[in-house]
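J.: Heads up, our numbering is the position in the sequence shown plus 41, with the first residue counted as 1.
What follows is a single structure, and I will ask about it in a moment.
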Amino acid sequence: MLAMMTSFAKVIIRTIVFLVWSVVFFLFLIGPRFFKSHKEKKSISIFTFPMSIDPQYLSQLEDLKDIKLYFHYYQNNDELLAKLRSTESHGYDIVFPTDYVVEQLINEGLIKKIDKSRLFFLDRLNKKFLGLYSDPENDYSIPYLWEIYGIGFNKKFFDGESPDATWSVLFNSDMYELDIGMLNNAREVVAIASVYLFGETEGIDDDRLIQIKKILTRQKENVGMYTDLRSDNLLITQACGISACAANEIWQFENEEDLGFLVPKEGGFLAVDSVCITKLCKNLDIVYKFINCIFQKRTVQHHVDKYAFLPVREGISVRKKACKIVSQVFNSSESFHFFKKFILEGKLNDLWIALKAE
């Protein structure tokens, strides 16, 4: 009897040991997946332009190492607006719209108010870019970067010199016989044409719209490409001699001595991209941590060095080629325009579709 009990006890002990080791082995196999799955829940999705945020750099920062950052990209503001409208901002936590789109997102209820008490850098932002027409109290948007739109050119087409500093070089083919690059955004193209024809973007009625369409139709004969992000390639490859573009497309190539940028005498265009939080965002703690991180001085400096854009945060060094233009914006009395809403969206789209179809 004693022998049987002893034998039975051994079986029980072996069974327990087997079960314990089985559990240990099981946890060894699935443990990393288990903890990883929980860790991956700590994530946010960012919807932004290319060449404005460096995902690899951010993933290495101590403040963000435990956060999974999902990046999605759009090529222009029209794509951003269409995506947010169709999804009602579902699937995105942070977006970086340009000023005139901020105004539309507020009006359509697609972004939420920002709790500025949770931001620790606001006193370091350049006040010139706060309180813009699109969000006067910055309740919904915090400006991150700014750009100036003007004329990029390749000096080889102008005997090593610069073309005349006027929007006319894009519309008057009698001045220079060459192909040109033009922006691929209806609002921006119409605004530039309006400044060329009338000196302003305000007051575009039906009569002015007819004149704008005529000048754009005539210009199209000389347009080598409509593009938002490839003006630099057009100029470097000499596919075009001049192009409407953002200045940073030119400044990022410091070794390309033949490339230049100028602000037309009629006034260039300023565009300010801001950080906004979507209306459906739930991960607010992580979002505010991310926003504070990207506005840290070292982080802004890294992105300015990499992408050559102009920062809203003060105390950041910019490219040598940019210094003259920055001084021109801040210190001169020259006028600068915004791509703000100036005609109904339906009329704008109709004009653009008709232009592209011809």
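In this text, a Cβ means the ideal position worked out from N, Cα and C, and glycines have one as well.
1) Classify L151 as buried or exposed, calling it buried when 16 or more other Cβ atoms lie within 10 Å of its own Cβ.
2) Quick check: what's the CA-CA separation for M266 versus K254?
3) Applying the 10 Å Cβ sphere with the 16-neighbour rule, what's the burial state of R354?
4) Cβ atoms of Q260 and L238: under 8 Å apart, would you say?
5) Among residues of its own chain, excluding the 5 on either side of L104, which ones have a beta-carbon nearer than 7 Å to its beta-carbon?
6) Hey, how far is the Cα of T278 from the Cα of W292?
7) Output yes or no for whether 8 Å exceeds the beta carbon distance between K153 and I318.
8) Would the segment 89-107 count as touching the segment 129-147 if we require 3 or more Cβ pairs under 8 Å?
9) Please report the straight-line C-alpha distance between T242 and E307, rounded to a whole angstrom.
10) Under a three-way DSSP split, which group does N296 fall into?
11) Name the one or two DSSP bridge partners that C317 has.
12) Go through the segment 216-243 residue by residue and report every complete run of the beta strand (DSSP E) that reaches 3 residues or more, in order.
13) Given a threshold of 16 other Cβ atoms within 10 Å of its Cβ, counted over all protein chains shown, does S403 qualify as buried or as exposed?
14) Just to confirm before moving on: does the CB-CB distance between N6 and A227 stay below 8 Å?
15) Can you give me the C-alpha to C-alpha distance between F212 and I394, rounded to a whole angstrom?
16) On the DSSP bridge assignment, give the partners of A287 in chain order.
17) Give me the Cα-Cα distance between D273 and E290, rounded to the nearest whole angstrom.
18) With distances taken from CA atoms, which of L171, F310, E178 is nearest A234?
19) Quick check: the Cα distance between K338 and I357, rounded to an integer number of angstroms?
20) Using only the alpha-carbon positions, how far apart do L396 and N263 sit?
21) Three Cβ pairs or more, each shorter than 8 Å: is that satisfied between the segment 190-206 and the segment 298-306?
22) Just to confirm the assignment, what range does the beta strand (DSSP E) spanning T258 have?
23) Can you list, in chain order, the residues of its chain with a C-beta nearer than 6 Å to that of F350? Leave out the 5 residues immediately preceding and following it.
24) What's the gap between the Cα of L163 and the Cα of D107?
25) Who pairs with M266 in a beta bridge, going by DSSP?
26) Is the CB-CB distance between T258 and E399 below 8 Å?
27) Which residue wins for smallest C-alpha separation from E178, given the options D156, D220, P204, P352?
28) What residue range is occupied by the uninterrupted alpha helix (DSSP H) comprising Y111?
29) One question on the structure: do V422 and V345 come within less than 8 Å of each other, judged by their Cβ atoms?
30) What number of angstroms, rounded off, separates the C-alpha of M223 from the C-alpha of S158?
31) Need the endpoints of the beta strand (DSSP E) that T89 sits in, please.
32) Between G244 and A312, what straight-line distance do the alpha-carbon atoms span, to the nearest angstrom?
33) Tell me N195's beta-bridge partners as DSSP assigns them.
34) Assuming R126 is part of the alpha helix (DSSP H), what are its boundary residues?
35) How far does the alpha helix (DSSP H) with L105 in it reach, from first residue to last?
36) With 16 other CB atoms within 10 Å as the buried threshold, where does L173 fall?
T.: In short:
1) For the purposes of this step, residue 151 is identified with residue 110 of the sequence shown, where counting begins at 1. Buried, since its Cβ has 16 or more Cβ neighbours within 10 Å.
2) Taking the first residue of the sequence shown as 1, we reach residue 266 at position 225. Taking the first residue of the sequence shown as 1, we reach residue 254 at position 213. Approximately 18 Å between the Cα atoms of the pair.
3) For the purposes of this step, residue 354 is identified with residue 313 of the sequence shown, where counting begins at 1. Buried, by the Cβ-count rule.
4) Here residue 238 refers to the residue found at position 197 when the sequence shown is read from its first residue. Here residue 260 refers to the residue found at position 219 when the sequence shown is read from its first residue. The answer is no: Cβ separation not under 8 Å.
5) Counting from one through the sequence shown, the residue named residue 104 turns up at place 63. Before going on, a small fix: residue 104 reads as Asp here, not Leu. Same-chain partners within the cutoff: K330, C334.
6) For the purposes of this step, residue 278 is taken as residue 237 along the sequence shown, with counting starting at 1. For the purposes of this step, residue 292 is taken as residue 251 along the sequence shown, with counting starting at 1. Whole-angstrom Cα-Cα distance: 16 Å.
7) Here the question's residue 153 lines up with position 112 in the sequence shown. Here the question's residue 318 lines up with position 277 in the sequence shown. The answer is yes: Cβ separation under 8 Å.
8) yes
9) The sequence position of residue 242 within the sequence shown is 201, counting from 1. The sequence position of residue 307 within the sequence shown is 266, counting from 1. Each residue's alpha carbon lies about 12 Å from the other.
10) Taking the first residue of the sequence shown as 1, we reach residue 296 at position 255. Looking at N296 - three-state DSSP - the assignment turns out to be coil, as it is neither helix nor strand.
11) Counting from one through the sequence shown, the residue named residue 317 turns up at place 276. The partner list for C317 (beta bridge, DSSP) reads V136.
12) 221-223
13) The structure shown does not extend to residue 403, since the chain is modelled only from 42 to 399, so the question has no answer here.
14) The displayed coordinates of the chain run from 42 to 399. Any statement about residue 6 would go beyond what the structure contains.
15) The residue you call residue 212 lines up with position 171 of the sequence shown. The residue you call residue 394 lines up with position 353 of the sequence shown. Their backbone Cα atoms lie some 20 Å apart in a straight line.
16) In the sequence shown, the residue the question calls residue 287 occupies position 246. Answer is Y190, bridged to A287.
17) Taking the sequence shown and counting its residues from 1, the one referred to as residue 273 is at position 232. Taking the sequence shown and counting its residues from 1, the one referred to as residue 290 is at position 249. Near 6 Å, if we compare the C-alpha coordinates of E290 and D273.
18) To locate residue 234, count along the sequence shown from 1; it is residue 193. Taking only the C-alpha atoms, the option nearest A234 is F310.
19) Against the sequence shown, residue 338 aligns to sequence position 297. Against the sequence shown, residue 357 aligns to sequence position 316. When rounded, the distance between both Cα atoms is 7 Å.
20) Counted from its first residue, the sequence shown places residue 396 at position 355. Counted from its first residue, the sequence shown places residue 263 at position 222. Rounded to whole angstroms, L396 to N263 spans 14 Å at the Cα level.
21) yes
22) Numbered from 1 along the sequence shown, position 217 holds the residue referred to as residue 258. No beta strand (DSSP E) contains T258, which is instead part of the alpha helix (DSSP H) from 247-261.
23) Reading the sequence shown from its first residue, position 309 is the one you call residue 350. Counting only Cβ-Cβ distances below 6 Å, and skipping sequence neighbours, we find L186, N289.
24) Numbered from 1 along the sequence shown, position 122 holds the residue referred to as residue 163. Numbered from 1 along the sequence shown, position 66 holds the residue referred to as residue 107. Going by the C-alpha atoms only, they are around 25 Å apart.
25) In the sequence shown, residue 266 corresponds to position 225, counting from 1. In DSSP, M266 forms a bridge with G222.
26) By one-based count along the sequence shown, residue 258 stands at place 217. By one-based count along the sequence shown, residue 399 stands at place 358. It is a contact, given that the beta carbons lie within the stated cut-off.
27) As a first step, residue 178 must be located in the sequence shown, where it is residue number 137. If we check each option's Cα against that of E178, D156 comes out closest.
28) Here residue 111 refers to the residue found at position 70 of the sequence shown. It is not in any alpha helix (DSSP H) - Y111 instead sits in the beta strand (DSSP E) that spans 109-114.
29) Nothing in the structure corresponds to residue 422, since the chain is present only between 42 and 399.
30) Numbered from its first residue, the sequence shown carries residue 223 at position 182. Numbered from its first residue, the sequence shown carries residue 158 at position 117. About 42 Å.
31) Translated into the one-based positions of the sequence shown, residue 89 becomes position 48. Start and end: 84-89.
32) By one-based count along the sequence shown, residue 244 stands at place 203. By one-based count along the sequence shown, residue 312 stands at place 271. Using only the alpha carbons, I get a separation of about 20 Å.
33) Position 154 of the sequence shown holds residue 195. Answer is L300, bridged to N195.
34) Locating residue 126 in the sequence shown gives position 85, where the first residue counts as 1. That run of the alpha helix (DSSP H) goes 118-128.
35) Looking up residue 105 in the sequence shown gives position 64. That residue, L105, is in no alpha helix (DSSP H); it is neither H nor E in DSSP.
36) For the purposes of this step, residue 173 is identified with residue 132 of the sequence shown, where counting begins at 1. By the 10 Å Cβ count, L173 comes out buried.
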